[in-house]
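Asks: Mind having a look at this structure? Questions to follow.
Number of protein chains: 2
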Amino acid sequence: MKVFVAGANGQIGRHIMKLLKDSDDYTGIAMVRSKEQAEAFSEKGMEAVLADLEGSVDELAEAMKGCDAVVFTAGSGGHTGADKTLLIDLDGAVKTVEAAELANVNRFIMVSAFQANNRENWNEKIKHYYAAKHYADKALLQSGLTYTIVRPGGLVNEPGTGKVSAGEKTERDIIPREDVAKAVVACLKEEHTHNKSFDLVSGDTPIEEALKRI
Amino acid sequence: MKVFVAGANGQIGRHIMKLLKDSDDYTGIAMVRSKEQAEAFSEKGMEAVLADLEGSVDELAEAMKGCDAVVFTAGSGGHTGADKTLLIDLDGAVKTVEAAELANVNRFIMVSAFQANNRENWNEKIKHYYAAKHYADKALLQSGLTYTIVRPGGLVNEPGTGKVSAGEKTERDIIPREDVAKAVVACLKEEHTHNKSFDLVSGDTPIEEALKRI
């Protein structure tokens with residue numbers, strides 16, 4: 568199963584690429600913007616393809632042709648302005664959804680943000696970021712794709728524990744990026760996650776088990 | 568017919584309020600954020616109601632209760648950051664759509680931007696603004712409301728001529744804000760504009776005539 572990863576060079580994306588490489592079932596295709604990034608993945612024995620979330624839907628569709636699933640974990644990050652939040656986190660995500668429809672890649676996993684679905688729970692300081700994630704998720708929900716929307720809590724860089732709490736209205740908490748990556752990869756296997764959205768924080772339940780219960 | 572105007576204190580909004588006041592068929596209800604703004608409208612013999620596009624959908628629904636139509640012509644403007652573009656021009660607009668559904672105000676006219684529907688025609692310098700308008704328009708299209716989406720060209724402050732060119736793929740051009748306001752008010756009467764979207768620039772055709780032909 569070939570998995571196209573938009574945002575492969577990001578912190579969660581790199582974990583996902585590594586997990587895919589270590590698995591027997593998947594091949595990760597890192598979508599990157601520069602030749603240098605592509606070479607860095609190649610040197611680690613991973614596949615990469617050049618494309619840009621600020622480019623056209625057609626280009627994105629071409630880049631993911633022949634893949635079986637898309638993971639979207641890209642983001643403009645805190646160092647750029649909110650204009651890029653609109654163009655990458657929202658429009659880039661929606662273009663990736665449109666590209667998946669065009670390229671007949673039917674499975675789409677979105678890395679969203681904790682409670683992005685509920686305006687009243689948006690973090691006041693980065694409310695605009697939540698708005699962007701909210702509308703990107705909405706576009707995926709309204710697409711014809713088989714979706715899973717993973718809404719992780721506060722991201723930290725501690726090593727993953729492999730244990731989480733997943734569902735609607737879980738209590739706000741942190742979660743290691745490595746565990747978010749593990750959950751995303753586990754979603755590829757677990758059909759119970761098809762057409763589901765859920766919050767994800769650190770917890771007591773092994774990831775595979777938690778995904779069966781959402 | 569009571570017309571709720573979100574963005575009544577903006578440049579197009581003030582033209583719209585004046586046109587509604589001068590008509591026999593309509594009463595404009597200016598949605599404003601401050602008591603001072605409300606008093607300014609009252610002094611001119613116009614009705615105003617306090618509400619905030621950064622508030623809740625429920626508050627907005629309450630504010631427009633009993634109205635027959637909504638005009639959305641609000642915008643965060645060029646003096647604020649792109650975070651406000653996300654929260655006002657996009658999320659504020661969508662909340663207004665959701666509020667109209669909640670309050671059973673079935674008619675909704677959106678003041679959008681020239682070619683906001685076509686990514687390839689977005690102005691490179693304010694691309695993020697077009698993205699915000701694009702997704703706001705999309706939410707209205709997908710709502711159950713009777714919509715009209717007016718996408719004006721480059722806005723100027725010259726007096727209106729009352730003559731326009733309206734339709735899909737009209738050539739990019741300017742248009743006085745006063746003519747945009749006149750077209751919006753004319754849409755309230757012209758049923759042919761129901762569930763239509765169109766670009767609007769200065770032209771040779773009287774507004775009422777142009778709206779019949781879109």
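Quick note, the sequences are listed as chains F and B, same order. If you read the first sequence in our numbering, its first letter stands for residue 568, the second for the next number, and so on. If you read the second sequence in our numbering, its first letter stands for residue 568, the second for the next number, and so on. No residue lacks a Cβ here, since even glycine has one placed at the ideal position from N, Cα and C.
1. Evaluate D650 (chain F) with the Cβ neighbour count: other Cβ atoms within 10 Å of its Cβ, from every protein chain shown; 16 or more gives buried, anything less gives exposed.
2. Give the DSSP-derived three-state secondary structure of V672 (chain B) in the structure shown.
3. Just mark T647 (chain F) as buried or exposed, buried being the case when its beta carbon has 16 or more other beta carbons within 10 Å.
4. Take G720 (chain B) as the anchor and find which of B:D591, B:H582, B:G574 and B:A683 has the nearest alpha-carbon.
5. Just to confirm before moving on: does the CB-CB distance between D766 (chain B) and A733 (chain B) stay below 9 Å?
6. Taking 9 Å as the CB-CB limit, is S623 (chain B) close to chain F?
7. Answer with buried or exposed for G644 (chain B), where buried requires no fewer than 16 other C-beta atoms within 10 angstroms of its C-beta.
8. Answer yes or no: does any C-beta atom of chain B fall closer than 9 Å to that of H646 (chain F)?
9. Given a cut-off of 9 Å, decide if E614 (chain F) and G595 (chain F) are closer than it, judged by their beta-carbon atoms.
10. For the region 592-621 of chain B, list every residue whose C-beta sits within 8 Å of some C-beta in chain F, in sequence order.
11. Hey, is R658 (chain B)'s beta-carbon within less than 9 Å of any beta-carbon in chain F?
12. Using a Cβ-Cβ cut-off of 7 Å (strictly less than) and excluding sequence neighbours within five positions of M631 (chain F), which residues of its own chain qualify?
13. Could you tell me whether the region 582-591 of chain B touches the region 743-754 of chain B, using the rule of 3 or more Cβ pairs below 8 Å?
14. I want to verify the contact list: residues of chain B whose CB lies under 7 Å from the CB of Y714 (chain F), in sequence order.
15. As a quick exercise: from B:A706, B:R718, B:G577 and B:L653, pick the residue whose alpha carbon is nearest that of K736 (chain B).
16. Which one of B:D625, B:V747, B:S679 and B:A607 has the shortest CA to CA distance from N724 (chain B)?
17. The alpha helix (DSSP H) spanning G580 (chain B) covers which residue range?
18. Bridge partners of L778 (chain B), per DSSP?
19. Tell me, which residues are paired with Y714 (chain B) by DSSP?
20. Let me make sure I understand the geometry here. Which of F:A699, F:N688 and F:N762 has the alpha-carbon closest to that of L712 (chain F)?
21. So T652 (chain B) contacts chain F; which residues on that side make the cut at Cβ distance below 9 Å?
22. Measuring only the C-alpha atoms, how far is S590 (chain B) from R686 (chain F)?
23. Rank F:A628, F:V678, F:T715 and F:G612 by C-alpha distance to the C-alpha of K756 (chain F) and give the top, closest one.
24. Rounded C-beta distance between R739 (chain B) and I579 (chain B)? I'm assuming under 8 Å.
25. By how many angstroms is the C-alpha of A597 (chain F) removed from the C-alpha of G574 (chain B)?
26. Please report whether the beta-carbon of A699 (chain F) lies at a distance below 9 Å from any beta-carbon of chain B.
27. In chain order, which continuous runs of the alpha helix (DSSP H) of length 4 or greater are located wholly inside the region 674-752 of chain B?
28. So, with DSSP's three-state summary, where would you put L620 (chain F)?
29. In whole angstroms, what separates the C-alpha of V661 (chain F) from that of G642 (chain F)?
30. Please classify N576 (chain F) as buried or exposed, where buried requires at least 16 neighbouring CB atoms within 10 angstroms.
31. Based on DSSP bridge pairs, tell me the residues matched to L767 (chain F).
32. Once DSSP output is grouped into helix, strand and coil, what is the label at A605 (chain F)?
Replies: Reading off the structure:
1. Against the first sequence, residue 650 (chain F) aligns to sequence position 83. Buried.
2. Position 105 of the second sequence, counting from 1, holds the residue named residue 672 (chain B). Coil at V672 (chain B), not helix or strand.
3. Here residue 647 (chain F) is taken as the residue at index 80 of the first sequence, counted from 1. Exposed.
4. Translated into positions along the second sequence, residue 720 (chain B) becomes position 153. Nearest option by C-alpha distance: B:A683.
5. If you number the second sequence from 1, residue 766 (chain B) lands on position 199. If you number the second sequence from 1, residue 733 (chain B) lands on position 166. Yes, these two residues count as a Cβ contact at 9 Å.
6. Stepping through the second sequence from its first residue, residue 623 (chain B) is reached at position 56. It does: the Cβ of S623 (chain B) has a partner Cβ on chain F nearer than 9 Å.
7. Locating residue 644 (chain B) in the second sequence gives position 77, where the first residue counts as 1. Classification of G644 (chain B): exposed, given that the 10 Å Cβ count is below 16.
8. Locating residue 646 (chain F) in the first sequence gives position 79, where the first residue counts as 1. Not closer than 9 Å to any Cβ of chain B, the Cβ of H646 (chain F) fails to qualify, so no.
9. In the first sequence, residue 595 (chain F) corresponds to position 28, counting from 1. In the first sequence, residue 614 (chain F) corresponds to position 47, counting from 1. Yes, they are a contact pair.
10. none
11. The count along the second sequence starts at 1 and reaches residue 658 (chain B) at position 91. At residue 658 (chain B) the sequence reads Asp, which differs from the Arg that was named. Chain F contact via Cβ: present.
12. The count along the first sequence starts at 1 and reaches residue 631 (chain F) at position 64. Cβ neighbours of M631 (chain F) beyond the five flanking positions: F571, V637, A666, A667, A670 and V672.
13. yes
14. On the first sequence, residue 714 (chain F) is found 147 positions in, with the first residue counted as 1. In chain order: nothing, as chain B lies at least about 17 Å away.
15. Taking the first residue of the second sequence as 1, we reach residue 736 (chain B) at position 169. For the residues B:A706, B:R718, B:G577 and B:L653, the minimum Cα distance to K736 (chain B) belongs to B:R718.
16. Here residue 724 (chain B) refers to the residue found at position 157 of the second sequence. Considering only alpha carbons, the answer is B:V747.
17. Within the second sequence, the letter at position 13 stands for residue 580 (chain B). It spans Q578 to D589 - the alpha helix (DSSP H) in which G580 (chain B) sits, taken as one unbroken run.
18. The residue you call residue 778 (chain B) lines up with position 211 of the second sequence. DSSP lists no partner for L778 (chain B).
19. Numbered from its first residue, the second sequence carries residue 714 (chain B) at position 147. Beta-bridge pairing links Y714 (chain B) to B:F675.
20. Translated into the one-based positions of the first sequence, residue 712 (chain F) becomes position 145. Answer by Cα proximity: F:N762.
21. Against the second sequence, residue 652 (chain B) aligns to sequence position 85. Correct list: A649, D650, L653 and H695.
22. As a working note, residue 590 (chain B) is residue 23 in the second sequence. As a working note, residue 686 (chain F) is residue 119 in the first sequence. For S590 (chain B) and R686 (chain F), the distance between alpha carbons rounds to 38 Å.
23. Looking up residue 756 (chain F) in the first sequence gives position 189. Cα-wise, what sits closest to K756 (chain F) is F:T715.
24. One-based indexing of the second sequence puts residue 739 (chain B) at position 172. One-based indexing of the second sequence puts residue 579 (chain B) at position 12. At roughly 19 Å, the Cβ-Cβ gap does not stay under 8 Å, so R739 (chain B) and I579 (chain B) are not in contact.
25. Walking along the second sequence from the start, residue 574 (chain B) turns up at place 7. Walking along the first sequence from the start, residue 597 (chain F) turns up at place 30. One C-alpha to the other measures close to 44 Å.
26. If you number the first sequence from 1, residue 699 (chain F) lands on position 132. For A699 (chain F), the answer is yes, since a Cβ of chain B falls inside 9 Å of its Cβ.
27. 694-709
28. Locating residue 620 (chain F) in the first sequence gives position 53, where the first residue counts as 1. If DSSP states are grouped into helix, strand and coil, L620 (chain F) belongs with coil.
29. Counting from one through the first sequence, the residue named residue 661 (chain F) turns up at place 94. Counting from one through the first sequence, the residue named residue 642 (chain F) turns up at place 75. Approximately 13 Å between the Cα atoms of the pair.
30. Position 9 of the first sequence, counted from the first residue, corresponds to residue 576 (chain F). Result: buried.
31. Looking up residue 767 (chain F) in the first sequence gives position 200. Answer is F:P719 and F:A733, bridged to L767 (chain F).
32. Taking the first sequence and counting its residues from 1, the one referred to as residue 605 (chain F) is at position 38. Three-state result, A605 (chain F): helix.
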